[in-house]
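For the sequence shown, position 262 (counting from the first letter as 1) is numbered 262 according to full-length UniProt numbering, and the numbering increases by one without interruption.
Ideal Cβ positions, reconstructed from N, Cα and C, are used throughout, including at glycine.
In this text the structure is predicted, and so the values were computed from the model without any measurement.
Okay, so here's the structure we're looking at.
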Amino acid sequence: MSNVSGVRRWNIAETRCVSKRKTEAGDKFVNNYRVLQTLGQGRFGKVKLCERLAAGQAATGRNGDAVVSLPTPAFAPPKARLFAMKIFSKKTLRRLKDYCAEPAGDKADGAAEVDAEDGVTMRMRAVTALDRVHDEIEIMRSLYHRNIVLLFEVIEADDSDKLYMVLEHMTRGPCMVYRPDTKDFYSRVTGGTLPEELARSYLTDILLGLQYLHRRRICHRDIKPDNVLLNDSGRCHLTDFGCAKAFGNGSGVLLRLPFTSENTRELFDEIIRAEIVLPGPDESGREQPLSPEARDLLHRLLEKDPEQRITIDEAISHSWFIQDGDDDEPLSF
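If you want it as C-alpha cells, here you go:
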C-alpha cells in the first residue's frame, strides 16, 4: 500500500496470465486459487468462494494429486485465506452495450453529437459492459477503507476469455435480504427487522464508507442491501462499484421500501410526490419503534429537495449516532 500526498492508496496485484486446472478429484484451480462453491450469480458474471494458497504451498486436490502453480502474488500472507472471486466472460461483456452522453471535445469515431438544453454540445458514445468492469477496477484500485470491500487482485490475460476480480470475502453476506412475498427486508442476523442499536451500527458504517468515497469524488450510485455486506464481525462494507461515477448523491433504505407500486411510472411518481411515512406504534399500543432522533434523521435523509437534504458529514454528526473513533483502517488488516 502506497501513501501519495498523505492519501492511502491500495496497490492491487495485476496478473496477466491465467492458468486453469482441474484435478482428477474435481478440484478446480485458477492460478494460485482453489475455486470452491458459488456465492452468487449476477447479470454480468458469477461470484465464487476461493481459497488462495499460502506462500510456498503446493496446489493439490482432495486426493493429493499435485497441480503446478504460479508464483504467489507479493501481497500473499504466509497462510491460506478465503476470498470472493468475480468471474466474467469478456466475450459476453463486449456484446452488452449501452450509450452514455458526455461533453463533446474532439468527436470520437462512432460518436453521435447532440445539442443539450443548456447549449453544451454532447456526444453519445457506445459503452460495453467490459468497459464498465474496467472502470470499476480503476475505481476500486484506489479504495482502502474499513467499510469498503477491498479488491486484491485482477487476473486478465489476452489469450483468455475470462476476467477475474479477487475481492475481500464477506462471510455474513448482505446486511438485509428482500422477501418478494411480503415485499420487505429481513436480517439474517436477527431473523426479522433490525433493532435500533444494530441499525445505528449499520448506518454508521454505511455513512463512513460513503463519506470516504465522496471525499475522493466518487459516487457509488447503487446503495442497496445487496451491496452492503457483513464481515464475520458484523461490520458493513460497501461493494459493487459497477455503477460508480463522478461525485453525486447516493442513499439506501434498509428496513422496507418507502414507496411501492406495481407500475414503474407510478413508482417514480410516488418517489417524487408521496409523503414519507415512518413506522408508528403497532396494534398493541406500544411506543413507537423509532426514537425521535432516528425519526428526525430518516426524515432528513429522505428529504425530496436535494438542496435541503442532509449531507453525509451532517448525518455522521447527527445526535442519533455515537461515534467510536474515525479510524478508516480495514478491520481485517
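* Say whether the segment 178-194 touches the segment 154-166, bearing in mind that this needs 3 or more beta-carbon pairs closer than 8 Å, one atom from each stretch. => no
* Sufficient close CB pairs (3 or more, under 8 Å) joining the segment 192-199 to the segment 213-233 -> Result no; under three Cβ-Cβ pairs closer than 8 Å.
* Proximity to Ala-129 [Cα-Cα], best of Leu-151, Lys-97, Glu-303 and His-145 -> For Ala-129, the nearest C-alpha among the options comes from Lys-97.
* Looking at C-beta atoms only, is the number of pairs between the segment 83-90 and the segment 39-47 that lie closer than 8 Å three or more? -> yes
* **alpha helix (DSSP H) segment containing Glu-136, residue limits** => For Glu-136, the enclosing alpha helix (DSSP H) begins and ends at 129-140.
* Residues bridged to Ala-13 [DSSP beta-bridge criterion] -> BP columns for Ala-13 point to Glu-153.
* Residues near His-299 by beta carbon distance below 8 Å, same chain, minus five either side -> Result list for His-299: Ile-276 and Leu-278, in chain order.
* Three-state secondary structure (DSSP) at Ala-246? -> A caution first: Ala-246 carries a pLDDT of 47, below 50, which makes its placement in the model unreliable, though a value can still be read off. In the structure shown, Ala-246 sits in a strand (DSSP, three-state: E or B).
* Asked: When you compare each of Glu-153, Asn-147 and Phe-185 to Arg-16 by their alpha carbons, which one comes out closest?
  -> Glu-153
* To do: Please name the residue in Met-170, Arg-141, Lys-20 and Lys-245 whose C-alpha comes closest to that of Leu-238.
  => Met-170
* **For His-145 and Gly-209, believed in contact at Cβ under 8 Å, the rounded distance** => 6 Å
* To do: Would you kindly work out how many angstroms separate the C-alpha atoms of Ala-294 and Glu-156, rounded to a whole number?
  => 46 Å
* How would you label Cys-100, buried or exposed, when you count the other beta carbons within 10 angstroms and need 16 or more for buried? -> Classification of Cys-100: exposed, given that the 10 Å Cβ count is below 16.
* When the Cα atoms are used, what is the spatial distance from residue 389 to Glu-24? -> Lying before the first or after the last residue shown, residue 389 is absent from the chain, which here runs from 1 to 333.
* Asked: Roughly how many angstroms lie between the CA atoms of Gly-173 and Lys-46, to the nearest whole one?
  -> 15 Å
* **Length of the line joining the Cα atoms of Ile-312 and Ala-80** => Looking at the two C-alpha atoms, the distance is approximately 38 Å.
* Asked: Considering only C-alpha positions, which residue in the set Asp-159, Asp-184 and Glu-314 is nearest to Ser-19?
  -> Asp-159
* **8 Å contact criterion, which Ile-206 and Cys-236 should meet: CB distance rounded** => Indeed they touch by this definition, with Cβ atoms about 6 Å apart.
* Sequence-distant residues of its chain with Cβ nearer than 8 Å to residue 410 (five each side left out) -> Residue coverage of the chain in this structure runs from 1 to 333, which leaves residue 410 outside it and unanswerable.
* To do: Quick one: give me the first and last residue of the beta strand (DSSP E) that Leu-39 is part of.
  => 33-41
* Asked: Among residues of its own chain, excluding the 5 on either side of Phe-241, which ones have a beta-carbon nearer than 6 Å to its beta-carbon?
  -> The beta carbon of Phe-241 is closer than 6 Å to those of Glu-136, Ile-139 and Met-140 in its chain, skipping five residues each way along the sequence.
* Asked: Bridge partners of Lys-48, per DSSP?
  -> Thr-38 and Met-85
* **Ser-317 versus Arg-52, Arg-200 and Leu-49, residue with shortest Cα-Cα distance** => Arg-200
* Please state if the CB of Arg-216 and the CB of Ala-244 are separated by a distance shorter than 8 Å. => No, the Cβ-Cβ distance between Ala-244 and Arg-216 is not below 8 Å.
* Asked: Would a C-beta distance cut-off of 8 Å place Glu-14 and Tyr-33 closer than the cut-off?
  -> no
* Keeping to the same chain, check which residues put their C-beta closer than 6 Å to that of Tyr-202; ignore five residues upstream and five downstream. => Cys-175 and Cys-236
* When burial is assigned at 16 or more other CB atoms within 10 Å of the CB, is residue 347 buried or exposed? -> Since the first and last residues shown for the chain are 1 and 333, residue 347 lies out of range.
* From what residue to what residue does the beta strand (DSSP E) around Tyr-144 run? -> Following the DSSP letters along the chain, one finds Tyr-144 in no beta strand (DSSP E), marked with neither H nor E.
* **8 Å Cβ shell around Ile-310 - same chain, five flanking residues per side excluded** => Leu-297, Arg-300, Leu-301, Glu-303 and His-318
* Where do the N-terminal and C-terminal ends of the beta strand (DSSP E) with His-237 fall, by residue? -> 236-238
* **Contact test: Leu-49 Cβ vs the ligand COA heavy atom, cutoff 7 Å** => With respect to the ligand COA, the structure shown offers nothing to examine, as it has no ligands at all.
* Asked: So is Val-133 buried or exposed if we call it buried at 16+ other beta carbons inside 10 Å?
  -> buried
* Determine the closest residue to Ile-148 out of Gln-211, Met-122 and Gly-26, with distance taken between C-alpha atoms. => Considering only alpha carbons, the answer is Gln-211.
* **Exposed unless 16 or more other CB atoms sit within 10 angstroms - verdict on Ser-284** => Annotation note: pLDDT 46 at Ser-284 (below 50); position unreliable, coordinate value reported separately. Flag for Ser-284 reads exposed.
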